[in-house]
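Novice: Positions in the sequence shown are counted from 1; adding 45 to them yields this note's numbering. Note that CB positions come from ideal geometry on N, CA and C, so glycine has one too.
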Amino acid sequence: MAAHYILLMWLAFGAGLLQSVHCAQTSLPVRRITGKFVFPAQRCDGRDENDWKLFSKFHSNTQQVASRAMELGCHRRGDQHATKYTVIYQVMYVTDISIGTPPQPFRAIIDITQSNLFVPSINCTDRAQEWEVENCLYHLMYDSVASSTYQSNLTPARLHYYGVYTWGNLSQDTVHIGDISVEKHVFQEATMWHPGYMIDWDEQYDSVLGLARLRARNTYDDFHDSSLLEKMGRQNTLDRNVFAIRHPRTDADEGQLILGGVDDSITRSVVRLALVDSPLDGDDSNFIAFASAGWVVAASSLALGAYLDQDPLTIPLPNYIAVLTNGYGNMMLPQRMADQIAEYLQWDDWLDDFPCEQRDRFPNLTISLGPQQQAFVLSPWQYMPEVTDPEGHQRCLLPFDPMYQDGAHPDYILLGGSFLASFYTEFDLDQKTIGLANYTRL
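Following this line, the structure appears as structure tokens:
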């Protein structure tokens, strides 16, 4: 009888131990937010374009992606009147995380090509300059004194993320993502937060949830810690070392992030692509920041269906690498390829937008990826993002960007949010694959 009792106690203890180390899976809602650069066009003849020139000069040197240096147009497509402005839209995907004990909430951009975590510090409001304090007051701020799991580091650190520059020190605390907690994670506690020239969309987020597979390289940041995704893998936090995303298509939609699992209702239709682990090439440190995150696959061709009276356009991509990111909205191609697309579509201004009712006249886009050259076909309703202009009208965007110099990005293309938002996507660290399934209604 005593032996039976001891056995029951041991089984109960073992069950409790297993439960205490049981890995987790969590699901979080995802929101889309759209930032806008608005450039006023004062006159159609000889107007002042200093704002655009300053923007282009600043961001072409410092932005993580190349800004599109095009002249402002006098007319927007589909409009009968002279335009009042030209807009650059920046689409981002946001969820909620928290840091510390008890948890302090923050709005975080989901970025599969980012590693470093940063949050504004409550000490940011101690600055002498009023405008510096104001930059912080738009955000939720981290208070280390209020967290019982905070550990001091105090190593100075600087960071740049899409035109926002932060300075502060490193701290260590528990990060909570849904039902998952990552202990002793190192992040930047920013005591100075400086948006770049004409950037105001940073008011819509406080942090970044980095899901880079590898440690992304950024030449400006002076600290390079593991991403939260890497930490979750090392701490055996997840049921499986996978995550899945359904990106919302508009600012009014809701998407989903699943950490540690997949959507069982969709996963059977997923096409899986092997990741490419070949060494990175090229001398453009900004573009390599995307590629170094590790979510890259082989690419073989890009094609547009028949348009107007023209035959279909096919652009071979021999031995090319496709870099996937949701941190940038558009698809970026070498200059000569972007020029081919612009000529084919009779498009003379990459910054132009147009009424979404005109989407049906555009062709399908087909991108072939992976060693099996799997063709992914996107309709204009999928690859053209919908945005709302400053006057509240629905507009659509042609999501292609030219790279500044072909030689700086040898044999690379970048497939941004406009591509990924067309699919349900699975990212598998153990199998080293990316899975895509078409879940949107055409």
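So is L199 buried or exposed if we call it buried at 16+ other beta carbons inside 10 Å?
Specialist: Taking the first residue of the sequence shown as position 1, residue 199 is located at position 154. An exposed status is given to L199, since fewer than 16 other beta-carbon atoms sit within 10 Å of its beta-carbon.
Novice: In chain order, what residues of the same chain lie with their CB nearer than 8 Å to the CB of V342, ignoring the 5 residues before and after it?
Specialist: Locating residue 342 in the sequence shown gives position 297, counting from the first residue. Answer for V342: L318, A319, L320, V321, I366, A367, L369, L414, G415, I479, listed in chain order.
Novice: Contact check, A235 vs G213 under 8 Å by CB: the rounded distance?
Specialist: Along the sequence shown, one-based indexing puts residue 235 at 190. Along the sequence shown, one-based indexing puts residue 213 at 168. Correct: roughly 4 Å between the Cβ atoms.
Novice: I'd like the ranges of any beta strand (DSSP E) spanning at least 3 consecutive residues and lying wholly in the segment 317 to 372.
Specialist: 341 to 349, 358 to 369
Novice: Taking only the alpha-carbon atoms, compute the straight-line gap between D394 and Q196 and give it to the nearest angstrom.
Specialist: To locate residue 394, count along the sequence shown from 1; it is residue 349. To locate residue 196, count along the sequence shown from 1; it is residue 151. In a straight line, the C-alpha of D394 is about 51 Å away from that of Q196.
Novice: Taking the CB atoms as reference points, tell me whether I360 and A351 lie closer together than 9 Å.
Specialist: Along the sequence shown, one-based indexing puts residue 360 at 315. Along the sequence shown, one-based indexing puts residue 351 at 306. For I360 and A351, no; Cβs fall outside 9 Å.
Novice: Using 10 angstroms around the beta-carbon of Q149, count the other beta-carbons present and answer buried if the total reaches 16, otherwise exposed.
Specialist: Working through the sequence shown from its first residue, we reach residue 149 at position 104. Its Cβ being crowded by 16 or more others within 10 Å, Q149 is buried.
Novice: First and last residue of the alpha helix (DSSP H) that includes I244?
Specialist: Your numbering for residue 244 matches position 199 in the sequence shown. Note, I244: premise wrong, no alpha helix (DSSP H); not H, not E.
Novice: Give the single residue among Q391, A344, P447 whose Cα lies nearest to the Cα of R406.
Specialist: Along the sequence shown, read from residue 1 onward, the residue named residue 406 stands at position 361. Ranking the options by Cα distance to R406, first place goes to Q391.
Novice: Tell me whether the beta-carbon of S495 lies closer than 9 Å to the beta-carbon of S166.
Specialist: Residue coverage of the chain in this structure runs from 46 to 487, which leaves residue 495 outside it and unanswerable.
Novice: Start and end of the alpha helix (DSSP H) containing I386?
Specialist: The residue given as residue 386 occupies position 341 in the sequence shown. Element bounds for I386: 380 to 389.
Novice: Tell whether a beta-carbon distance below 9 Å holds between I142 and H221.
Specialist: As a working note, residue 142 is residue 97 in the sequence shown. As a working note, residue 221 is residue 176 in the sequence shown. H221 is positioned such that its CB atom lies closer than 9 Å to that of I142.
Novice: For D296, count neighbouring Cβ atoms within 10 angstroms of its own Cβ and tell me buried if that reaches 16, exposed if not.
Specialist: Numbered from 1 along the sequence shown, position 251 holds the residue referred to as residue 296. It is exposed - the Cβ of D296 has fewer than 16 other Cβ atoms within 10 Å.
Novice: Buried or exposed, going by whether 16 or more other CB atoms sit within 10 Å of the CB of Q159?
Specialist: Within the sequence shown, numbered from 1, the residue matching residue 159 stands at position 114. So Q159 counts as buried.
Novice: Any idea which residues DSSP pairs R258 with across the strands?
Specialist: The count along the sequence shown starts at 1 and reaches residue 258 at position 213. Partner(s): none; R258 has no beta bridge.
Novice: Between H205 and G255, what straight-line distance do the alpha-carbon atoms span, to the nearest angstrom?
Specialist: Here residue 205 refers to the residue found at position 160 of the sequence shown. Here residue 255 refers to the residue found at position 210 of the sequence shown. The alpha-carbon atoms of H205 and G255 are separated by roughly 14 Å.
Novice: Is the distance from the Cβ of R404 to the Cβ of M376 below 9 Å?
Specialist: Here residue 404 is taken as the residue at index 359 of the sequence shown, counted from 1. Here residue 376 is taken as the residue at index 331 of the sequence shown, counted from 1. No, they are not a contact pair.
Novice: Kindly confirm or deny that the segment 379 to 390 and the segment 468 to 478 touch, where touching means at least three C-beta pairs closer than 8 Å.
Specialist: no
Novice: If you check the beta carbons only, do V139 and R76 fall under 9 Å apart?
Specialist: Numbered from 1 along the sequence shown, position 94 holds the residue referred to as residue 139. Numbered from 1 along the sequence shown, position 31 holds the residue referred to as residue 76. The answer is yes: Cβ separation under 9 Å.
Novice: Just to confirm my understanding: we take L73, look at its own chain, exclude 5 residues before and 5 after, and list those with CB closer than 6 Å. What are they?
Specialist: The residue labelled residue 73 in the question sits at position 28 within the sequence shown. Excluding residues within five positions, the ones whose Cβ falls inside 6 Å are T140, G223, L302.
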